[in-house]
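Those protein sequence lines, which keep their order, are chains C and R. So for the first sequence, the numbering used here puts the first residue at 40; every next one is plus one. So for the second sequence, the numbering used here puts the first residue at 40; every next one is plus one. Even for Gly, the Cβ is constructed at its ideal location relative to N, Cα and C.
Number of protein chains: 2
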Amino acid sequence: MTPAAPQRPILLNAFDMMVPVHQSPGLWRHPESRADEFDTLEYWTSLASTLDDAGFSSLFLADVLGVYDVYGAGPAGAYRGGVQYPLLDPLSAVSAMAAVTNHLGFGVTASVSYEHPFLLARRLSSLDHLTKGRLAWNIVTSYQDSAARNMGLAQQIPHDARYDRADEYMDVMYSLFESSFEEGAVLADRTNATFLDATKVHPINHSGEFFTVPGAALTHPGPQRTPFLFQAGASPRGQQFALDHAEAIFVTGSSPRLVRHWVDQIRNGLEARGRDRYAIKIFAMVTIVVADTDDEAQQRLDSYAQYVDTESALTLFGGWTGVDLAGTDPDSPIEYVTTEANRSALESMTKLAGAKTWTVRDLAEFVAIGGRGPVLIGSASTVADELVRWQTEADLDGFNVSAAVRPADLQRVAHYLTPELKRRGLLLQRPDTPTTLRETMTGAKAHLAADHQGARFRRS
Amino acid sequence: MTPAAPQRPILLNAFDMMVPVHQSPGLWRHPESRADEFDTLEYWTSLASTLDDAGFSSLFLADVLGVYDVYGAGPAGAYRGGVQYPLLDPLSAVSAMAAVTNHLGFGVTASVSYEHPFLLARRLSSLDHLTKGRLAWNIVTSYQDSAARNMGLAQQIPHDARYDRADEYMDVMYSLFESSFEEGAVLADRTNATFLDATKVHPINHSGEFFTVPGAALTHPGPQRTPFLFQAGASPRGQQFALDHAEAIFVTGSSPRLVRHWVDQIRNGLEARGRDRYAIKIFAMVTIVVADTDDEAQQRLDSYAQYVDTESALTLFGGWTGVDLAGTDPDSPIEYVTTEANRSALESMTKLAGAKTWTVRDLAEFVAIGGRGPVLIGSASTVADELVRWQTEADLDGFNVSAAVRPADLQRVAHYLTPELKRRGLLLQRPDTPTTLRETMTGAKAHLAADHQGARFRRS
């Protein structure tokens with residue numbers, strides 16, 4: 040293991056989803072929860088404004104394109120429990136949130152499996168323009184058979200082939216973002232009646248195994264050109280994809296030791312590619328329950344237990360792993376059923392469990408608050424200490440902060456924790472003048488770093 | 040011809056596009072133009088707010104998915120002139136505009152040719168939720184070969200087959216919007232831990248010639264269920280499609296007499312289907328130049344001539360008709376070259392021209408301000424008189440108002456004309472309490488009318 044890195048500024052990314060239940064099944068029933076207002080603009084503009092004022096770097100919106108229908112071999116559990124369903128388009132509220140914020144970035148999930156790159160590139164560039172360069176794209180390949188079926192496929196594209204196709208997809212996207220419009224192509228020159236310099240707009244002439252896109256992008260690139268790139272692939276092939284493309288990676292693990300394992304893999308992978316170990320920002324998922332004192336925070340967490348929804352927790356687990364635990368004895372140990380499709384998810388769960396033999400009940404309780412990640416509990420000072428410990432021990436850049444009671448637990452982070460982090464000088468200080476998300480996140484330029492493979496698509 | 044209908048309230052729909060040049064090529068160079076800010080949020084929130092205050096019913100955003108590359112056999116003319124290019128995603132600013140308005144509806148163009156219905160349904164439902172039921176969908180089948188090529192097709196789907204496929208597409212959309220979630224499916228019942236009543240969420244089991252979508256919609260339907268439906272098909276097959284699906288239809292013609300021809304076809308078509316002649320709202324496109332006096336308005340229009348861009352006008356014409364007039368003598372008469380692909384567009388141009396033999400120059404000048412539609416010029420009183428004449432002679436419900444200088448000419452309509460229309464009691468009065476767009480437009484209920492074919496998909 041490499042030595043612990045020196046303290047770096049902590050980046051905070053809020054982790055949410057336009058659904059009734061994101062990572063903490065059942066907690067939508069808490070009296071303070073407003074999760075059932077997930078389909079209103081007010082929920083999102085209010086949350087964005089709070090996060091912006093508090094000093095968060097970004098709000099990341101997850102997405103799936105199918106219903107969790109493994110548990111009980113049908114969608115009824117997901118329907119009843121509102122488990123990541125129904126779910127709105129994560130791009131839909133971005134412009135409204137941008138209008139009420141100055142610094143906050145918006146990480147939207149969009150699948151390379153079901154959206155055509157020519158149209159997705161325009162959708163992302165449009166939001167990068169409207170947010171003045173505050174857009175991040177969380178690249179996913181989608182993992183649910185239910186999604187594939189609704190897109191007219193008999194089943195999903197096999198796991199590794201999805202990533203091969205995704206690599207070509209990224210080539211198309213880089214071509215559209217980086218090479219289609221040269222710098223200076225947009226003149227808007229009234230005197231000479233020239234909106235674009237036609238010599239600086241280029242067809243990308245992409246003709247590959249999966250995609251044929253001859254033309255130029257439908258729109259000029261936004262302030263970042265390629266939006267800031269998020270990824271969360273955990274499988275070996277997914278991790279290779281992330282190393283090739285991501286500028287920020289999300290990891291999940293119940294202890295700093297487990298997370299460190301993945302962080303080292305990523306940082307070593309970067310070095311093996313001749314890049315800086317810290318060229319990719321790494322965020323670990325945490326759920327935070329913070330209050331005036333440690334006791335109050337613990338009491339608050341204890342009070343959550345009555346809202347936990349075990350069936351919903353197993354519905355989430357089923358969707359993530361492909362393993363249906365419906366009808367099992369809650370006290371029976373889990374026997375992992377490994378198939379090609381669910382191998383990577385199961386491996387990460389096995390690592391989370393460590394040497395311990397878990398029962399179905401243990402598992403449900405573990406997943407029920409904060410999904411697969413840890414819950415940090417305490418006063419602002421205690422949680423700040425915990426974040427520093429996690430950051431140091433796991434060599435992290437930041438945290439993907441999820442709320443158990445939505446949005447209350449994120450509002451409480453803004454109220455209690457971020458002032459404490461600022462007092463200690465731990466929170467990443469954003470530039471005074473609003474800037475692009477890439478600049479905020481990396482301190483470097485608005486465009487892809489020169490050693491990022493997307494930069495190869497640039498015209499010299 | 041049926042007799043002129045009695046005066047009905049006038050509906051105003053602003054007609055714009057997220058581009059430098061929409062319908063008036065070259066006018067982006069006018070000193071008052073802010074069209075080159077089309078990629079900023081402020082342009083759109085400011086315009087939406089103005090329209091909302093002025094009493095417009097909706098803002099309609101056009102879209103195309105390719106570049107106008109017929110003129111000069113390449114895209115250079117469209118690039119130089121900013122002719123409907125570059126162009127942002129018309130859905131991208133809707134939530135921001137919704138946040139600063141109370142009544143205004145948002146008509147977004149989305150193609151049934153290149154977006155999968157399962158994903159488009161979610162995108163539209165998401166915006167219908169966030170706008171509280173103020174979304175309209177302008178259904179297009181797309182008409183450019185350049186778009187088809189960028190989506191990986193050798194050429195577009197043939198015209199009539201596009202509409203057959205579009206009909207099935209609509210079946211999928213109605214199923215997702217109308218039948219997937221029964222009324223009362225969303226309970227959000229905290230006491231009984233039931234977010235959705237699982238017995239009221241249904242897979243749509245669509246299996247057709249073009250699409251297979253077994254599952255339920257990804258999200259619950261918005262306040263209108265099916266968004267209010269716009270259409271503008273002008274060909275015989277397109278008009279049949281519009282009669283089957285549209286709740287509002289856009290028509291374009293240079294005189295009330297020409298427009299009346301199409302309006303009668305639509306209203307007769309409705310009667311032939313056993314529906315009310317006025318079941319579909321019909322809007323005619325107009326460009327309005329209004330000022331304190333008739334003279335000032337005329338002077339203003341005259342001053343526009345210096346900004347007209349002839350090449351850009353012929354670029355638009357080429358895209359609409361498939362006819363390349365590059366290199367022709369400006370004073371030579373136009374010889375219409377009719378092919379299957381451009382027949383309908385040419386027919387409508389021929390009708391516009393009437394008996395007159397047009398030169399290329401005439402054509403360019405005609406298209407250069409206001410595209411294929413008329414320009415109404417004068418004081419508020421004069422323009423109001425003109426609108427009443429148009430409405431009466433052409434049996435219209437409203438107007439699709441386009442700006443030559445953007446957004447100045449729409450701001451001037453808000454400043455001069457809508458107060459005059461209100462004084463005369465001509466402008467449709469919106470309900471005091473904000474409501475859905477369908478209720479605003481039709482005075483009826485939030486959901487599709489019982490005799491609309493989408494209503495057949497409802498569960499009893």
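| query | Just to confirm, are F417 (chain C) and V325 (chain C) a CB contact at a threshold of 8 Å? | reply | It should be noted that the sequence gives Gly, not Phe, for residue 417 (chain C). Result no, Cβ atoms of G417 (chain C) and V325 (chain C) do not sit closer than 8 Å.
| task | Return the chain-ordered ranges of every alpha helix (DSSP H) run that is complete within the region 171-222 of chain C and spans a minimum of 4 residues. | result | With a minimum length of 4 residues, the continuous alpha helix (DSSP H) runs that stay inside the region 171-222 of chain C are 184-189 and 198-213.
| Length of the line joining the Cα atoms of T472 (chain C) and K484 (chain C) | Between the C-alpha atoms of T472 (chain C) and K484 (chain C) there is a straight-line separation of about 14 Å.
| task | List the residues of chain C whose Cβ lies closer than 8 Å to the Cβ of H512 (chain R), in chain order. | result | With chain R covering only 40 through 499, there is no way to say anything about residue 512 (chain R).
| query | When the Cα atoms are used, what is the spatial distance from D108 (chain C) to G493 (chain R)? | reply | Answer to the nearest angstrom: the Cα atoms are 29 Å apart.
| Quick one: Cα of D303 (chain R) to Cα of A200 (chain R), how far? | Taking the straight line from one Cα to the other gives about 26 Å.
| task | Give a yes or no on whether the minimum CB-CB distance between V106 (chain R) and chain C is below 8 Å. | result | Between V106 (chain R) and chain C, the shortest Cβ-Cβ separation is below 8 Å.
| query | Can you list, in chain order, the residues of the region 183-209 of chain R whose Cβ is nearer than 7 Å to any Cβ on chain C? | reply | Listed by position along the chain: S185, R188, N189, M190 and G191.
| Is DSSP giving M56 (chain C) helix, strand or coil here? | In the structure shown, M56 (chain C) adopts extended strand secondary structure according to DSSP, grouped into three states.
| Interface residues of chain C around R229 (chain R) at Cβ under 7 Å? | Result: R68.
| task | Determine which residues of the region 342-362 of chain R have a Cβ less than 8 Å from any Cβ of chain C, and write them out in chain order. | result | Answer in chain order: D348.
| request: Report all residues from its chain with a CB closer than 6 Å to the CB of A35 (chain R); omit the five preceding and five following residues, and keep chain order. | output: With chain R represented from 40 up to 499, any question about residue 35 (chain R) goes unanswered, as that position is not in the structure.
| query | For V106 (chain C), which residues of its own chain have a beta-carbon under 6 Å away from its beta-carbon, when the five flanking residues on both sides are left out? | reply | For V106 (chain C), the CB contacts under 6 Å within the same chain, skipping 5 residues up- and downstream, are P114, A117, Y124 and S185 in chain order.
| message | Please tell me whether T258 (chain R) has its Cβ less than 8 Å away from any Cβ of chain C. | response | Yes - at least one Cβ of chain C is within 8 Å of the one on T258 (chain R).
| said: Under 8 Å, with one C-beta from each stretch per pair, do the region 398-406 of chain C and the region 264-275 of chain C reach the 3-pair mark? | reply: With a cut-off of 8 Å on Cβ pairs, the region 398-406 of chain C is not in contact with the region 264-275 of chain C, counting fewer than three such pairs.
| Cβ of E459 (chain R) within 8 Å of Cβ of A419 (chain R)? | A contact, by the Cβ cut-off of 8 Å.
| request: Check K320 (chain R) in the structure and name its three-state DSSP category. | output: For K320 (chain R), the three-state secondary structure derived from DSSP is strand.
| task | Can you tell me which of the three DSSP states V122 (chain R) falls into? | result | In the structure shown, V122 (chain R) sits in a strand (DSSP, three-state: E or B).
| said: For Q263 (chain C), tell me which candidate among C:T481, C:A336 and C:R173 has the shortest Cα-Cα distance. | reply: Checked all of C:T481, C:A336 and C:R173; the closest Cα to Q263 (chain C) is C:R173.
| message | Since S63 (chain R) and A447 (chain R) should fall inside the 8 Å C-beta cutoff, what is the C-beta to C-beta distance between them, to a whole number of angstroms? | response | Wrong, their Cβ atoms sit about 11 Å apart, outside the cutoff.
| request: Pull up the CB-CB distance for A101 (chain C) and M136 (chain C), whole angstroms please, since I reckon it's below 8 Å. | output: Under the criterion of beta carbons closer than 8 Å, A101 (chain C) and M136 (chain C) do not qualify as touching, at roughly 16 Å.
| H241 (chain R): which of R:H284, R:L257, R:A488 and R:P197 sits nearest, CA to CA? | If we check each option's Cα against that of H241 (chain R), R:L257 comes out closest.
| message | Contact criterion: CB-CB distance below 8 Å. Does A112 (chain R) meet it with respect to chain D? | response | Although the question refers to chain D, the structure presented lacks it and instead comprises the protein chains C and R.
| said: For T235 (chain C), would you say it is in contact with chain R, using Cβ-to-Cβ distances shorter than 8 Å as the test? | reply: The question names Thr, but residue 235 (chain C) is Leu in the sequence shown. Look at L235 (chain C): its C-beta is under 8 Å from a C-beta on chain R.
| said: Please identify the residue among R:S246, R:F249 and R:S219 whose C-alpha is closest to the C-alpha of L235 (chain R). | reply: Here the closest residue by C-alpha is R:S219.
| request: Check the Cβ-Cβ distances between V302 (chain C) and every residue of chain R, and say whether any is below 8 Å. | output: Cβ-Cβ to chain R under 8 Å: no for V302 (chain C).
| query | What did DSSP end up calling A442 (chain C) once you bin it into helix, strand or coil? | reply | It is coil, neither helix nor strand.
| Taking the C-alpha atoms as reference points, what is the distance between F54 (chain R) and Q338 (chain R)? | When rounded, the distance between both Cα atoms is 24 Å.
| How many angstroms separate the CA atom of L226 (chain C) from the CA atom of I243 (chain C)? | Near 21 Å, if we compare the C-alpha coordinates of I243 (chain C) and L226 (chain C).
| request: Closer than 6 Å by C-beta to Q46 (chain R): which residues in its own chain qualify, once you throw out the five before and the five after it? Chain order, please. | output: Take Q46 (chain R), set aside five residues on each side of it, and no residue of its chain has a beta-carbon closer than 6 Å to its own.
| query | Taking the Cβ atom as the reference point for each residue, do L449 (chain R) and L66 (chain R) lie within a distance shorter than 8 Å? | reply | Not closer than 8 Å, so no.
| query | Counting contacts by CB-CB distance shorter than 8 Å, is H142 (chain C) in contact with chain R? | reply | Interface with chain R (8 Å Cβ-Cβ cutoff): H142 (chain C) is excluded.
| Closest by CA to L465 (chain R), which one among R:G437, R:T481 and R:S97? | It is R:G437 whose Cα lies nearest to the Cα of L465 (chain R).
| query | Does any CB atom of chain C fall closer than 8 Å to the CB of A318 (chain R)? | reply | Answer no: the Cβ-Cβ gap between A318 (chain R) and chain C never drops below 8 Å.
| message | Within 8 Å of any Cβ in chain C, is that where the Cβ of L174 (chain R) sits? | response | No, L174 (chain R) lies away from the interface with chain C (no Cβ there is under 8 Å from its Cβ).
| Paired residues, beta bridge with Q27 (chain C) - DSSP | Outside the shown range of chain C (40 to 499) lies residue 27 (chain C), about which nothing can therefore be said.
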